[in-house]
Structure formats: structure tokens, C-alpha cells
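In the working numbering, the protein residues as written are 371 to 533. To start, the structure under review is shown below, and the notes come after it.
Here it is in C-alpha cells:
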């Protein structure tokens, strides 16, 4: 059987499971461990439960995978936009996958890194933990900014705040 290319996989299925780790874009592995990665080559962040998620290059050949359920308690999918984009939460970070068909578009990590570098006062900017273009797909992992999203807050806002 020929190796599967990422564009053969729906964007909502960009994360697959390999036992107790996750394959992202068929090129990188996300593992959970008790300590952060000891170097700057492998991004890591808190899982929110005393451990850490770590990103590493996937081994070759790949181990067999199973579909990752959207309702997973460890890495739930929190957003899906048809087959254009999907977002998962992994502890204190978000994993984003986008299909890109337009060459030359500015990737999300570029303005995020620029604004983060300016050290704005009064609000937090997500840190870019990892980004990659794999085949026709763009992957971005950013830190989670504390607080609630507008979508979470909207039902409790009165009309004056909604306008």
C-alpha cells in the first residue's frame, strides 16, 4: 500500500492516535510525559494536570494509527470549519490545522510572533510553540491565553456589551 499523503486525510482527522501518543499531520508525534522537553528543539507545554505535552518528529516507518475521537477528554476538538480548518485543545495549548490552497498568504504564526515580540501591555498574545507546512496543510500550536473566549462569554453578555 502506498504511503498516505496528508491531503488524503480530512482536516478534521489531522490528529490520529498511536497507542498513548498522537500523530499530527502524519509527520510529528505529540507525547505526554512527566517532565518538559530538555531542549529547545522539541516544543513542550503544560498538560494542565502536572505533566507536559512534547512535540517530536514522527518515526519512520509510522506505527499503525487509529482515528482520534473529536470528543476525546485529553485532546478534544474545540472547533471545526467544514474541511477548511480544525482546532484541538491539548492542555494549555491549541493545535490548529488549516487547508491552504492559496500560495503567498501570510501564515498565522508570523503576526503572532511579531506582536508577541512587541510585548504589548494590557493583554496577552498566544506564544507560537510550533508551526509547520506539511503537504497542503498548515499546522500551528499556540499557547492558551487565560480567560474565556468570546463564544463562551457571549450568552452572559447583556445587549449593551454585545453591541
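Ideal placement from N, C-alpha and C gives every residue a C-beta, glycine not left out. None of these values were measured; they are calculated from a predicted model.
Rounded straight-line distance, which links the Cα of residue j to that of residue i
i, j, result
"residue 408", "residue 465", "21 Å"
"residue 350", "residue 521", "Any answer about residue 350 is impossible in this case: the structure gives the chain only from 371 up to 533."
"residue 489", "residue 434", "43 Å"
"residue 457", "residue 397", "18 Å"
"residue 463", "residue 483", "16 Å"
"residue 380", "residue 388", "18 Å"
"residue 418", "residue 461", "5 Å"
"residue 469", "residue 502", "12 Å"
"residue 530", "residue 491", "26 Å"
"residue 512", "residue 527", "27 Å"
"residue 416", "residue 515", "13 Å"
"residue 420", "residue 403", "9 Å"
"residue 525", "residue 446", "22 Å"
"residue 378", "residue 504", "12 Å"
"residue 475", "residue 452", "20 Å"
"residue 481", "residue 493", "15 Å"
"residue 448", "residue 459", "7 Å"
"residue 517", "residue 471", "33 Å"
Beta-carbon proximity list for residue i, same chain, < 6 Å, skipping 5 on both sides
i, result
"residue 413", "425, 499 and 500"
"residue 510", "466, 478, 479 and 501"
"residue 532", "none"
"residue 432", "none"
"residue 410", "none"
Whole-number beta carbon distance between residue j and residue i, since they are thought to touch under 8 Å
i, j, result
"residue 395", "residue 507", "6 Å"
"residue 391", "residue 467", "That pair is no contact at about 17 Å."
Beta-carbon contacts of residue i that lie in its chain and below 7 Å, excluding the five residues immediately before and after
i, result
"residue 519", "none"
"residue 405", "422"
"residue 486", "495 and 497"
"residue 331", "In the structure displayed, the chain extends from 371 to 533; residue 331 sits before or after that span and is not available."
"residue 350", "Lying outside 371 to 533, the shown extent of the chain, residue 350 is not represented and no answer is given."
Whether residue i touches residue j by CB criterion (8 Å)
i, j, result
"residue 535", "residue 423", "Outside the shown range of the chain, which is 371 to 533, sits residue 535, and nothing can be said about it."
"residue 393", "residue 440", "no"
"residue 382", "residue 473", "no"
Close-in-space but distant-in-sequence residues of the same chain around residue i (CB under 8 Å, 5 per side omitted)
i, result
"residue 372", "For residue 372, the predicted model reports a pLDDT of 38, less than 50, meaning its position is unreliable and no value from the coordinates is stated."
"residue 454", "381, 468 and 469"
"residue 437", "383, 386 and 387"
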